[in-house]
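Asker: Just dropping this structure here.
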Amino acid sequence: MAANESPLSSIPSPGGPVLEASHVWKSYGSVRAVADVSFSVPAGQIVGLLGPNGAGKSTTMKAVLGLVRPDAGSIRVLGIDVSQFPVEAKRRIGYVPEATSLYEFLTGAEYLDFVSDLYGLDPAARRQRIPQFLAGLELAGHENALISGYSQGMKQKVALIAGLVHHPRLLVLDEPLNGLDPRSARVVKEVLRNLARHDGVGILFSTHVLEIAQAICDQLVILRQGTVVATGTVADLQRRAGLAGSGLEDVFLSLTGTGDLSDVVSALSR
Amino acid sequence: MDLHTVRRISSVLVASQVRSGRSTSNPTSFFGQPIVFAVIDGVVFVVLFVGALVLLPGGSPLAPVLRSVLLSALPFVPLYTVGAVLVAGIMFELTATAKFSGSDAVNWLPVSPSEYVLGSSTAIAYTYSPALAFLLGPLSAVALRVGLGGSVVLVAFLGVLGLFMGAFLVEMVRSVTQRVGRSGGRRGRYSLALQAVALLLLILAVQLAFNPVFLFDSLSALGVLAQVSAYIPPFWSVHALSLWLAGDALGALLFVAAQVVFAVLLLYAAAELRVRYWVVADTEYRFEALEYAADHPVLAALGLDRAESAIATKDFRSLTRRREMLPMLVIPFVLFIAFLVENAGANSTASPLGHGLGLVLAGWSGGLFALLLAVASVGQERRAVQTLFAAPITGRSVFRAKVAAVLLPGLGVTVAVSAAASVIYRIPLLDTLAYLVVAGAAAVAVALWGLAFASRYSDFQDRPRPQYLRPLPMTVASFSGLVLLFAILLPGAYALGASGTTAVAAAVGAAALALTFGSVGGYVARSGFDRLFRELPF
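Chains as they are written, first to last, in this note's numbering: chain A, 2 to 271; chain B, 204 to 741.
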């Protein structure tokens, strides 16, 4: 795309992908984090990004945000090249990082107001939306306390609200349900489903809890050692692993080559 | 108390300190081992000892003079070590986040608070022991040449005791400061501000109470040094050494014993305080309900947009609410107050020299504050900086916000301290206003200079002893910034007191320096922020 070209010149048609990652490579020194990763997130769909620890999930998500620059390949958010127009892309993305790092010297309300300022959310919208989210996630009454006094789950809720408050078109959620109580986790899952189905938001969702992935994801992308080893619906993956009717855990372990754990379990049980 | 446990705790804490600045190097290398401080002690001592021996051959005609100097200087070595550990402790130990300076990492293990305090204090004393080796090396050589070699053993013993006393005091302050970061249960932003002010005063009091220069000068100024010093614990080691050097061994031993007892009492007090904060409950600090989307009229008037104003406002809150930022606030005031007390005599306040010194120090305190804020401004974001990286803002916006967040408090302190100097030194209003221009220009120049380093060498890692800049750039930034401050302030103050072409030349020189370094710093910082925000640095 030429430098003077508008970042919005190639917004996809409704129903098209909100995120397209194409042949993305990224290394840190001699360590290859992701290699030739390609996938897409269609509008209105929740795509699960699964993989063992160190598989490259977080690097992939950070590349989508423009937080790390791929060595090769391209990433487009609503048709906007993230490396060329990072600010325009970020304006349309909501992000919840894996390790929640908030400004703990702010109150929850101050943090959310701060994030709203960064995203340019108009005053009327934030006065309406922030209290709604606080009430929905049972944070109301705590919003004027310092975040340093929050539990891990409360911090996660603040991070979730910060990711959702500005009406993003793409959500990038790295372990978003970490530390949430069952009710809040249920609320978040339902909100994500509604955002996808009714508002056409595309969601890239990383988790190690395979039951959650199986329950809410429309598509799955499985990474192993920085490469995509399988993509598709749960049924597609079951067929591919030759485990039709099995749970996602068995499918996942089979596809990532970590299926036989009996020796490890036996050694650790002694 | 299990001394093996104390030794293990101490060893682990020292290891965490020597590795805190080395994110990429091998932690198992020699420089990542606790032994490294002992080696530094040995090398510093031997090099300075041998160097001094070579420079001062036996039978030197200088020996009588040096003996006289040594008789005056040696007694103050232990007091100096207490002050050195306190200054370093306030600078580096209190900057640790509550997560690391609290006892949560060990309080679930079979370790008692006393064992933890002694282990932690030993780690602090050991970490700063090179300061003592730096003094003892040349002093021992000179003492040997002038026939006072035997006294060095007592100096060394009391010096090591001084290191521990300083460490116990740091531990006490550290335990108390847990309250700001971790617990509370009170309502309203004023309770937090009051606690911060109380802590500032506490740190200031402890700093001054064990600052040898401050103690000596203030008691001398009051004319009561001789009468009261024997009753002031920090002076007991001074008395012990003075009596020893005067040949009164019994009197010396009595004061040594008293000093040891005082050190044990400090340890006891430190342990008791740690017991009190051994398990600190996370309690909510509640603030008044926030008005969402409030305007920032002052920042908007300065040309900042809403996102930039939000970042600057967030940094103001960081400065007043975070315990690890307290040293930033306290250092300029400690320096200024210490200077004021040292120059409290009527003659110095009324003299032109006193005017000049007062103004220079006022400008220097404000400039130092701006410099410290600037170098810490990016690294103090820690891992939460990813909020800024993920947001739809440019590095240029963050730069503008940081300039405001550094300059507004920096200039505020400069004005406040200059006004105080103006009152104390009875400086005419016009002179004060003219000097404020100089001091303000110096503060702006060093702030931009500091931001240039912050934009390129900040450290975002969550470490036991957080560093806002990587060690070498921090050293370069601090040293060059302080030199720059003096280079602007001294000719600026001179220009105010003098007349004719030299005064004009001095004024032009000061302005040129401020403009040059401010512009270079601003340019480098701006491009540094652009570069920094291309990719998350961790």
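Just so you know, even glycine gets a beta-carbon here, dropped at the ideal spot from N, CA and C. If you're wondering where the values come from, they're calculated on a predicted model, not measured in any experiment.
Quick check on the DSSP output: what are the complete alpha helix (DSSP H) runs of length 4 or more inside the stretch 158-230 of chain A, in order along the chain?
Answerer: Correct list: 183-200 and 211-217.
Asker: For A/Gly74, report the span of its beta strand (DSSP E) as first-last.
Answerer: Looking up residue 74 of chain A in the first sequence gives position 73. Run containing A/Gly74: Ala73 to Val78, per the beta strand (DSSP E) assignment.
Asker: Between B/Gln589 and chain A, is any beta-carbon pair separated by less than 9 Å?
Answerer: Reading the second sequence from its first residue, position 386 is the one you call residue 589 of chain B. Yes, its Cβ sits closer than 9 Å to a Cβ of chain A.
Asker: By DSSP, does A/Pro43 sit in helix, in strand, or in coil?
Answerer: The residue labelled residue 43 of chain A in the question sits at position 42 within the first sequence. Strand, per DSSP.
Asker: Return the chain-ordered ranges of every alpha helix (DSSP H) run that is complete within the stretch 669-733 of chain B and spans a minimum of 4 residues.
Answerer: 674-700, all fully within the stretch 669-733 of chain B.
Asker: Hey, A/Asp251 and A/Leu244 are a contact pair by Cβ (cut 8 Å); roughly how many whole angstroms apart?
Answerer: Position 250 of the first sequence holds residue 251 of chain A. Position 243 of the first sequence holds residue 244 of chain A. Indeed they touch by this definition, with Cβ atoms about 6 Å apart.
Asker: Below 7 Å between beta carbons is the criterion; list the residues of the stretch 596-608 of chain B that meet it against any residue of chain A, in chain order.
Answerer: Cβ contacts with chain A come from Ile596 and Thr597.
Asker: Relative to the C-alpha of B/Val400, which candidate in B/Gly262, B/Glu374 and B/Leu529 has its C-alpha closest?
Answerer: By one-based count along the second sequence, residue 400 of chain B stands at place 197. When each option's Cα is compared against that of B/Val400, the closest is B/Leu529.
Asker: Under 9 Å between C-beta atoms, does B/Ala593 make it to chain A?
Answerer: As a first step, residue 593 of chain B is located in the second sequence; it is residue number 390 there, counting from the start. Yes, because at least one Cβ of chain A sits closer than 9 Å to the Cβ of B/Ala593.
Asker: The stretch 60-93 of chain A: which residues have C-beta closer than 9 Å to a C-beta of chain B, in chain order?
Answerer: So the list reads Lys63, Leu66, Gly67, Leu68, Val69, Arg70, Pro87, Val88, Glu89, Ala90, Lys91, Arg92 and Arg93, given in the order they occur along the chain.
Asker: Tell me the start and end of each unbroken alpha helix (DSSP H) in the stretch 58-107 of chain A that is at least 4 residues and wholly inside, in chain order.
Answerer: List check, alpha helix (DSSP H) in window: 58-66 and 87-92.
Asker: Give, in chain order, every unbroken run of the alpha helix (DSSP H) that is at least 4 residues long and sits entirely within the stretch 493-524 of chain B.
Answerer: Runs of the alpha helix (DSSP H) inside the stretch 493-524 of chain B: 500-504 and 509-524.
Asker: Taking only beta-carbon positions, decide if A/Ile204 is within less than 9 Å of chain B.
Answerer: As a first step, residue 204 of chain A must be located in the first sequence, where it is residue number 203. Chain B, which has no Cβ nearer than 9 Å to the Cβ of A/Ile204, makes this no.
Asker: Using a Cβ-Cβ distance under 9 Å, would A/Pro177 count as near chain B?
Answerer: Residue 177 of chain A sits at position 176 when you count from the first residue of the first sequence. Not an interface residue.
Asker: Using a beta-carbon distance below 9 Å, is B/Ala657 in contact with chain A?
Answerer: Counted from its first residue, the second sequence places residue 657 of chain B at position 454. Judged by the 9 Å Cβ criterion, B/Ala657 is not in contact with chain A.
Asker: Looking at the structure shown, is A/Gly1 part of a helix, part of a strand, or coil, going by DSSP?
Answerer: Examination of residue 1 of chain A is not possible in this model, given that chain A is present from 2 through 271 alone.
Asker: Determine, using beta carbons only, whether A/Ser28 comes closer than 9 Å to chain B.
Answerer: Counting from 1 along the first sequence, the entry for residue 28 of chain A is found at position 27. Judged by the 9 Å Cβ criterion, A/Ser28 is not in contact with chain B.
Asker: If you compare alpha carbons, which of B/Ala650, B/Val649, B/Arg348 and B/Pro676 is closest to B/Asp662?
Answerer: Looking up residue 662 of chain B in the second sequence gives position 459. With distances taken between Cα atoms, B/Asp662 lies closest to B/Pro676.
Asker: Can A/Leu181 and A/Ile162 be called in contact, C-beta distance under 9 Å?
Answerer: Along the first sequence, read from residue 1 onward, the residue named residue 181 of chain A stands at position 180. Along the first sequence, read from residue 1 onward, the residue named residue 162 of chain A stands at position 161. Their beta carbons are not under 9 Å apart, which means A/Leu181 does not touch A/Ile162 by this criterion.
Asker: Would you kindly report the start and end of the unbroken alpha helix (DSSP H) that includes A/His1?
Answerer: Outside the displayed range of chain A (2 to 271) lies residue 1 of chain A, so it cannot be described from this structure.
Asker: Is B/Val616 near B/Phe572, with beta carbons less than 9 Å apart?
Answerer: Position 413 of the second sequence, counting from 1, holds the residue named residue 616 of chain B. Position 369 of the second sequence, counting from 1, holds the residue named residue 572 of chain B. Yes, the Cβ-Cβ distance between B/Val616 and B/Phe572 is below 9 Å.
Asker: Tell whether a beta-carbon distance below 9 Å holds between A/Val189 and A/Leu138.
Answerer: By one-based count along the first sequence, residue 189 of chain A stands at place 188. By one-based count along the first sequence, residue 138 of chain A stands at place 137. In this structure, A/Leu138 lies closer than 9 Å to A/Val189 by Cβ.
Asker: What residues in its chain sit with their C-beta under 6 Å from that of A/Gln153, if we drop five residues either side in the sequence?
Answerer: The count along the first sequence starts at 1 and reaches residue 153 of chain A at position 152. Excluding residues within five positions, the ones whose Cβ falls inside 6 Å are Gly180.
Asker: Kindly list, in the order they appear in chain B, the residues whose Cβ is closer than 9 Å to that of A/Ala110.
Answerer: Within the first sequence, numbered from 1, the residue matching residue 110 of chain A stands at position 109. Going along chain B in sequence order, the residues near A/Ala110 (Cβ under 9 Å) are Phe490, Ala492, Leu493 and Tyr495.
Asker: Does A/Leu174 come within less than 9 Å of chain B when only Cβ atoms are used?
Answerer: Residue mapping note: residue 174 of chain A aligns to position 173 of the first sequence, counting from 1. It does not: the Cβ of A/Leu174 has no partner Cβ on chain B nearer than 9 Å.
Asker: Following the continuous alpha helix (DSSP H) through B/Ser271, name the residue where it begins and the one where it ends.
Answerer: Locating residue 271 of chain B in the second sequence gives position 68, where the first residue counts as 1. Its alpha helix (DSSP H) spans residues Ala266 to Ala276.
Asker: Grab me the residues of B/Val285's own chain with a C-beta within less than 7 Å of its C-beta, minus the 5 sequence neighbours each way, in chain order.
Answerer: One-based indexing of the second sequence puts residue 285 of chain B at position 82. Only Gly365, Met368, Gly369, Phe413 and Pro437 meet the Cβ criterion.
Asker: DSSP puts A/Val35 in a beta bridge; with which residues?
Answerer: Against the first sequence, residue 35 of chain A aligns to sequence position 34. Per DSSP, A/Lys27.
Asker: Could you tell me which residues DSSP puts in a beta bridge with A/Leu50?
Answerer: Along the first sequence, one-based indexing puts residue 50 of chain A at 49. Answer by DSSP bridge pairing, in chain order: A/Ser207 and A/Val222.
Asker: Look at the Cβ atom of B/Leu614, then the Cβ atom of B/Val649, and state whether they are nearer than 9 Å.
Answerer: Along the second sequence, read from residue 1 onward, the residue named residue 614 of chain B stands at position 411. Along the second sequence, read from residue 1 onward, the residue named residue 649 of chain B stands at position 446. No, they are not a contact pair.
Asker: Is it right to say B/Ile691 is buried, meaning 16 or more other beta carbons lie within 10 angstroms of its own, or is it exposed?
Answerer: Numbered from 1 along the second sequence, position 488 holds the residue referred to as residue 691 of chain B. Buried, by the Cβ-count rule.
Asker: Count the other CB atoms within 10 Å of the CB of B/Ser722; is the residue buried (16 or more) or exposed (fewer)?
Answerer: Start at 1 with the first residue of the second sequence, and residue 722 of chain B comes out as number 519. B/Ser722 comes out exposed.
Asker: Looking at the unbroken alpha helix (DSSP H) that takes in B/Gln738, where does it start and where does it end?
Answerer: Here residue 738 of chain B refers to the residue found at position 535 when the second sequence is read from its first residue. It should be pointed out that residue 738 of chain B corresponds to Glu in this sequence rather than to Gln. No alpha helix (DSSP H) contains B/Glu738, which DSSP labels as neither H nor E.
Asker: Do you know offhand how far B/Ala515's Cα is from A/Phe134's?
Answerer: Against the second sequence, residue 515 of chain B aligns to sequence position 312. Against the first sequence, residue 134 of chain A aligns to sequence position 133. C-alpha separation (whole angstroms): 26 Å.
Asker: Compare the C-alpha of B/Tyr495 against each of A/Pro132, A/Arg33, A/Ala64 and A/Gly201 and name the closest.
Answerer: In the second sequence, residue 495 of chain B corresponds to position 292, counting from 1. Minimum Cα distance to B/Tyr495 is reached at A/Pro132.
Asker: Note down, in chain order, each residue of its chain lying with its Cβ closer than 7 Å to the Cβ of B/Phe592, except the 5 sequence neighbours on either side.
Answerer: Here residue 592 of chain B refers to the residue found at position 389 when the second sequence is read from its first residue. Excluding residues within five positions, the ones whose Cβ falls inside 7 Å are Phe736 and Leu739.
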